[in-house]
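Notes to accompany the following structure.
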Amino acid sequence: MSETKERLRFLDSLRGFTIFLMIPINAAMEYNSIPFWFKHASSSGVLPADFIMPSFLFALGISSCLSFQKRIKRDGILKTVWHLIYRNLILFAAGSIGFFLVYKQRNWEILQMLGLVGLISIPFLFLPKHLRLISSFLIILFVEIFRKIFFQRYFNLWYSSGIGGPSGAIPLSSIVIGSSAFGEYIVQLDDKRKVSFSIICGLTLILIANIINIFQKFNKHLLTSSYLLLTSGIAIIFLAIFIIIDLFVKKDIPILCSLGRNPLLCYIFGGILTLIARFIFGIQLSALYAWIVTLIVLIIVCTLAVFLDKKKLWLKL
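Our numbering puts the first residue of the sequence shown at 15, with every later residue one more than the last.
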């Protein structure tokens with residue numbers, strides 16, 4: 015394994031961890047018999063499931079910046095920008111097919127959000143890391159300034175999507191843009207300073223988020239600034255945990271690293287399995303059978319991820 019891969023193994027672990035949680039939570043979402051604590055908060059407040067999507071975006075921001083720098087050196091600016099546009103349009107199209115053709119209803123899917131967030135983030139990748147970091151906070155501030163005038167209406171309109179609909183891509187892009195800057199900072203540090211820097215940054219964001227929560231409650235559906243900062247802080251803390259594990263273990267974390275190297279493929283495959291399960295069994299299952307179906311979906315996805323990883327088959331858009 016190359017030095018770069020060794021250094022970024024903790025990033026694979028974070029991505030894999032988010033997918034490992036995302037698959038069963040998505041699979042269990044429609045079952046009424048599954049307890050509320052395994053689902054997203056329906057209004058204000060946060061539950062464990064509400065930290066997953068921002069954590070994935072955070073990991074995406076770090077990896078996208080590092081791959082962007084490599085592609086610029088290898089392929090030049092024009093090819094790199096075209097590749098980013100093409101990749102994000104593919105993600106957006108895949109998400110659109112999933113909801114407009116399969117469900118035949120207006121909604122907003124994770125892949126659509128990833129594609130649009132990716133497109134918004136492209137120009138910011140050309141900025142120095144400190145300007146990117148400032149830009150991420152300015153985006154959050156911009157959304158809050160215009161929340162009552164514009165954003166609140168559309169967040170409410172797309173409330174059931176849980177990610178703010180199309181306009182939600184603007185505040186969510188702040189996570190990707192900010193984490194791209196954070197990623198540049200930590201790769202320049204030695205391992206011990208990576209941990210201390212991450213913990214300090216994570217705890218600072220969590221503290222700020224809880225102060226804001228006094229005036230503006232955590233709300234995933236409305237993408238409040240308190241929610242965005244809290245979940246970003248939690249993502250950084252988990253990143254620090256995986257850096258610490260990597261320092262001691264110095265090996266791939268089984269299953270998590272495999273999922274982390276094929277996150278999009280695993281997410282899509284998990285979604286397909288979930289649709290098949292709902293078609294076969296419906297959604298009116300007892301708690302026991304709902305948990306069994308959810309566990310089976312997770313096991314199949316993890317098995318596929320491990321198999322593809324051993325074969326070194328990784329989906330790269």
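Even glycine gets a Cβ: it sits at the ideal position worked out from N, Cα and C.
Contacts around residue i, its chain only, beta-carbon distance under 8 Å, and the 5 residues preceding and following it disregarded
i, result
"residue 271", "23, 26, 27, 30 and 323"
"residue 16", "Residue confidence for residue 16 is low, a pLDDT of 40 falling below 50, so the modelled location carries little weight; the figure read from the coordinates is stated next. Around residue 16: no qualifying Cβ."
"residue 212", "200, 250, 251, 253, 254 and 257"
"residue 57", "233 and 235"
"residue 97", "85 and 89"
Where residue i falls, given that 16 or more other Cβ within 10 Å makes a residue buried
i, result
"residue 274", "buried"
"residue 150", "buried"
"residue 294", "exposed"
"residue 49", "exposed"
"residue 164", "exposed"
"residue 290", "exposed"
"residue 181", "buried"
"residue 157", "buried"
"residue 247", "buried"
"residue 40", "buried"
"residue 68", "buried"
"residue 89", "exposed"
"residue 315", "buried"
Expected contact under 8 Å - CB spacing of residue i and residue j to nearest Å
i, j, result
"residue 61", "residue 51", "6 Å"
"residue 147", "residue 73", "17 Å between Cβ atoms; not a contact."
"residue 219", "residue 243", "5 Å"
"residue 80", "residue 209", "Incorrect: roughly 19 Å between the Cβ atoms, too far for contact."
"residue 94", "residue 85", "4 Å"
Same chain, Cβ closer than 6 Å to residue i, five either side skipped, listed in chain order
i, result
"residue 328", "275 and 276"
"residue 312", "37 and 38"
"residue 320", "272"
"residue 188", "150, 153 and 154"
Residue i - partner residues in DSSP beta bridges
i, result
"residue 233", "59"
Contacts around residue i, its chain only, beta-carbon distance under 7 Å, and the 5 residues preceding and following it disregarded
i, result
"residue 176", "54, 234 and 235"
"residue 223", "240, 243, 244 and 247"
Neighbour flag for residue i against chain E, beta carbons, 8 Å
i, result
"residue 165", "Among the protein chains of the structure shown there is no chain E, as only one such chain exists."
Quick check on the DSSP output: what are the complete beta strand (DSSP E) runs of length 3 or more inside the stretch 260 to 285, in order along the chain? If we require 3 residues or more, the stretch 260 to 285 turns out to have no beta strand (DSSP E) run fully inside it.
If we require 4 or more residues per run, which alpha helix (DSSP H) segments fall completely within the stretch 149 to 204? Counting whole runs of 4 or more residues, the stretch 149 to 204 contains the alpha helix (DSSP H) stretches 166 to 171 and 183 to 201.
Kindly provide the ranges of any alpha helix (DSSP H) runs that are 4 or more residues long and lie completely inside the stretch 46 to 105, ordered along the chain. 66 to 89, all fully within the stretch 46 to 105.
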